[in-house]
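Asks:
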Amino acid sequence: MTKDMVFTQSMWAMELRAPDGVERSVPENLDMIAEAGFDGISGNCIDLVKAADLARAAAERGLAAAAEWQCFPKAVDDLKPVIEFAAKWGGHHICLQADVRPRSLAECVPLLEGWHRLAEESPVPVWIETHRDRMTTDLYFTLDLLDAFPDMKLIADLSHFLVGREFAWPISDENHAYIHRILDNAWALHGRVASREQVQIEISFPQHKPLVNQFLDWWEYGMRSYLNNAENTRPLSFNCELGPRPYAITNRDGLDTTDRWLEAQQLRDLVAARWNTVKAGKNGSVPA
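Quick note: the sequence shown uses the working numbering, first residue 15, plus one each step.
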């Protein structure tokens with residue numbers, strides 16, 4: 015299979031959560047995503063009945079084949095119904111957020127080994143997301159997990175590590191090396207730009223450009239690592255995940271400071287430009 019890249023939009027990130035309580039319908043959000051040219055969606059499998067409705071509606075709009083299905087298992091067997099769901103409805107991969115908070119690597123072993131056994135039998139790949147308040151909440155602990163399970167396949171959401179570890183600026187070579195190791199094990203990427211104080215900053219604000227550029231550089235490294243990974247033959251998935259409040263910063267009236275939907279498309283276009291540059295065999299350059 016030719017190496018390629020697909021872009022998904024998070025359904026959670028489509029939520030408005032405005033003070034007036036008005037929300038778009040799921041079909042309206044799916045129509046927006048399809049019309050904007052995204053390849054798929056990222057949706058959760060917390061309620062499998064609702065997830066099936068979402069999968070059906072996504073398929074009608076051509077958004078199902080590249081879909082990411084998120085789950086939050088606390089035990090090994092919690093993954094089984096999600097695999098059955100994905101086997102029926104299809105998708106690009108299952109995003110596993112390990113909803114446990116172990117204090118030692120030994121506590122992780124039976125869970126990771128069990129999920130790995132189930133993943134080997136799944137027709138849809140199962141990858142583990144790096145995320146705060148999960149097994150992978152801490153960068154150093156996640157690196158220790160990779161020492162114990164060097165073949166563990168990750169979905170890299172780097173925003174959590176940057177804000178969690180409060181990387182000083184400029185970012186040290188040591189911290190770059192840690193992030194690169196995460197990316198070398200990343201089979202998909204989640205897109206959000208963080209600062210050392212905030213998990214999600216406005217990518218269109220000029221004062222945030224250095225951090226936007228840094229994340230683009232990291233994602234470019236992830237692209238190059240993907241291209242060099244002969245085992246990963248699926249398209250590289252990039253999920254635009256600019257979440258609603260409290261992820262999104264709001265003003266005193268409780269309104270987003272930017273149009274997150276517009277920024278999601280801007281983020282996709284910035285990443286796509288980097289991908290095209292990498293595929294062309296050129297050195298990356300930051301758009302003006």
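We put the CB at the ideal spot given by N, CA and C, even for glycine.
#1: Is the stretch 246 to 266 touching the stretch 22 to 30, taking contact as three or more C-beta pairs under 8 Å?
#2: Between the stretch 71 to 79 and the stretch 108 to 117, do at least 3 Cβ pairs fall closer than 8 Å?
#3: What did DSSP end up calling glycine 298 once you bin it into helix, strand or coil?
#4: Per the DSSP calculation, alanine 170 is bridged to which residue(s)?
#5: Please check the pair aspartate 161 and threonine 144, which I expect to be a contact at CB under 8 Å, by giving their CB distance rounded to whole angstroms.
#6: How many angstroms separate the CA atom of histidine 204 from the CA atom of histidine 174?
#7: Does chain D have any CB closer than 7 Å to the CB of asparagine 199?
#8: With DSSP as the reference, identify every bridge partner of histidine 303, one or two as the case may be.
#9: Following the continuous alpha helix (DSSP H) through serine 122, name the residue where it begins and the one where it ends.
#10: Short of 6 Å in beta carbon distance, which residues of its chain neighbour lysine 17, apart from the five on each side in sequence? Order them along the chain.
#11: For leucine 250, which beta-bridge partners are listed by DSSP?
#12: Strictly by DSSP, which residues pair up with asparagine 242?
#13: Look at the alpha carbon of alanine 133 and the alpha carbon of tryptophan 201, and state the distance between them as a whole number of angstroms.
#14: Any idea if tyrosine 154 is buried or exposed, counting beta-carbon neighbours within 10 angstroms, 16 or more meaning buried?
#15: Only counting the same chain, and skipping five residues up and downstream in sequence, which positions put a Cβ closer than 7 Å to that of serine 218?
#16: Mapping DSSP to helix, strand and coil, what is asparagine 58?
#17: When the distance is taken between beta carbons, is alanine 208 closer than 7 Å to leucine 176?
#18: Using a Cβ-Cβ cutoff of less than 6 Å, which residues in the same chain neighbour glycine 295 once the five nearest sequence positions on both sides are dropped?
#19: Of the choices Arg179, Arg206, His107, Met237, whose alpha-carbon is the least far from that of valine 226?
#20: Hey, isoleucine 55 and alanine 27: beta-carbon distance below 7 Å or not?
#21: Can you tell me which residues form a DSSP beta bridge with aspartate 270?
#22: Return the chain-ordered list of same chain residues with a C-beta closer than 6 Å to the C-beta of isoleucine 142, the five sequence neighbours on each side being excluded.
#23: With H, G and I counted as helix, E and B as strand and the rest as coil, what does DSSP make of valine 96?
#24: Give the C-beta separation of aspartate 158 and glycine 178 to the nearest angstrom, bearing in mind that I take them to be a contact with Cβ-Cβ under 8 Å.
#25: Suppose you measure from the CA of alanine 262 to the CA of arginine 31; what does that come to, to the nearest Å?
#26: Please classify tryptophan 183: does DSSP put it in a helix, a strand, or coil?
#27: For glycine 35, which residues of its own chain have a beta-carbon under 6 Å away from its beta-carbon, when the five flanking residues on both sides are left out?
#28: Just to confirm, is the Cβ distance from serine 136 to aspartate 198 under 7 Å?
#29: Just curious, the beta strand (DSSP E) that isoleucine 142 is in, first and last residue?
#30: Tell me whether threonine 247 is buried or exposed, calling it buried when 16 or more other Cβ atoms sit within 10 Å of its Cβ.
Replies: According to the structure data:
#1: yes
#2: no
#3: Confidence at glycine 298 is low in this model, with a pLDDT of 45, below 50, so its placement is unreliable and no value can be given for it.
#4: Leu203
#5: No, aspartate 161 and threonine 144 are not in contact; Cβ-Cβ is about 15 Å, not under 8 Å.
#6: 11 Å
#7: Among the chains in the structure shown there is no chain D, since it carries only a single protein chain.
#8: The requested residue 303 is not part of the displayed model; the chain covers only 15 to 302.
#9: The sequence given here places cysteine at residue 122; serine does not occur at that position. Run containing cysteine 122: 119 to 135, per the alpha helix (DSSP H) assignment.
#10: Leu241
#11: Met19
#12: Answer is none; asparagine 242 lacks a bridge partner.
#13: 14 Å
#14: exposed
#15: Thr272, Glu277, Gln280
#16: strand
#17: yes
#18: none
#19: Arg206
#20: no
#21: Thr264
#22: Leu110, Leu168
#23: helix
#24: Wrong, their Cβ atoms sit about 15 Å apart, outside the cutoff.
#25: 10 Å
#26: coil
#27: none
#28: no
#29: 140 to 143
#30: exposed
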